[in-house]
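Structure first, commentary second.
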Amino acid sequence: MVYVATPHDVVAKMLEAAQVTKKDLLYDLGCGDGRVVATAARASGCRGCGFDISPERVAESRDGAQVRRRGSGDDQEQDIFELDLSPATVITLYLLPD
């Protein structure tokens, strides 16, 4: 399984485009190291949760540094194709160019 972290400048543009506010619940599909949720929470005060099929990525996203940045460690190991997305008001997903 290939993992490519979303560049920080891309994360900023994604969140700007989505106009995330503190009222939002953001789901990051394929959360990797948790940087999208962490950045969104820090910038807007929103709640968020990341989902990834890789236990290593979920462990990384729950790492103490990421949790301190956003105030939670709720990321979950889950297949995003079986996830109920209906609670989310913002959904992010970073795709590879190919």
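Residue numbering for the sequence shown is 1176 to 1273, as defined by the numbering used here. Here a beta-carbon is modelled for each residue, glycine too, at the ideal position from N, C-alpha and C.
Notebook entry, point to check: Among A1263, L1270 and Y1269, which has the Cα closest to the Cα of T1196?
Noted result: Position 21 of the sequence shown, counted from the first residue, corresponds to residue 1196. Comparing Cα positions, the closest option is A1263.
Next item on the list: Taking only the alpha-carbon atoms, compute the straight-line gap between D1184 and D1250 and give it to the nearest angstrom.
Entry: On the sequence shown, residue 1184 is found 9 positions in, with the first residue counted as 1. On the sequence shown, residue 1250 is found 75 positions in, with the first residue counted as 1. Distance between the alpha carbons of D1184 and D1250: 22 Å.
Next item on the list: Over the uninterrupted beta strand (DSSP E) stretch that includes D1203, give me the two end residues.
Entry: The residue given as residue 1203 occupies position 28 in the sequence shown. Here the beta strand (DSSP E) through D1203 covers L1200 to L1204.
Notebook entry, point to check: Can you tell me whether L1268 is buried or exposed, with buried defined as 16 or more other CB within 10 angstroms of its CB?
Noted result: Taking the first residue of the sequence shown as position 1, residue 1268 is located at position 93. With fewer than 16 Cβ atoms within 10 Å of its Cβ, L1268 is classed as exposed.
Next item on the list: Find the nearest neighbour of D1208 within the set Q1194, D1199 and I1228, judged by alpha-carbon distance.
Entry: The residue you call residue 1208 lines up with position 33 of the sequence shown. Here the closest residue by C-alpha is I1228.
Note to self: Can you tell me whether I1266 is helix, strand or coil according to DSSP?
What the structure shows: The residue labelled residue 1266 in the question sits at position 91 within the sequence shown. In the three-state reduction of the DSSP assignment, I1266 falls in the strand class.
Next item on the list: Could you tell me which uninterrupted beta strand (DSSP E) segments, each at least 3 residues in length, are contained entirely in the stretch 1186-1239, listed from first to last along the chain?
Entry: 1200-1204 and 1222-1227
Notebook entry, point to check: For A1141, is the classification buried or exposed, using 16 other Cβ atoms within 10 angstroms of its Cβ as the cut-off for buried?
Noted result: Residue 1141 lies beyond the range of the chain shown here (1176 to 1273); nothing can be said about it.
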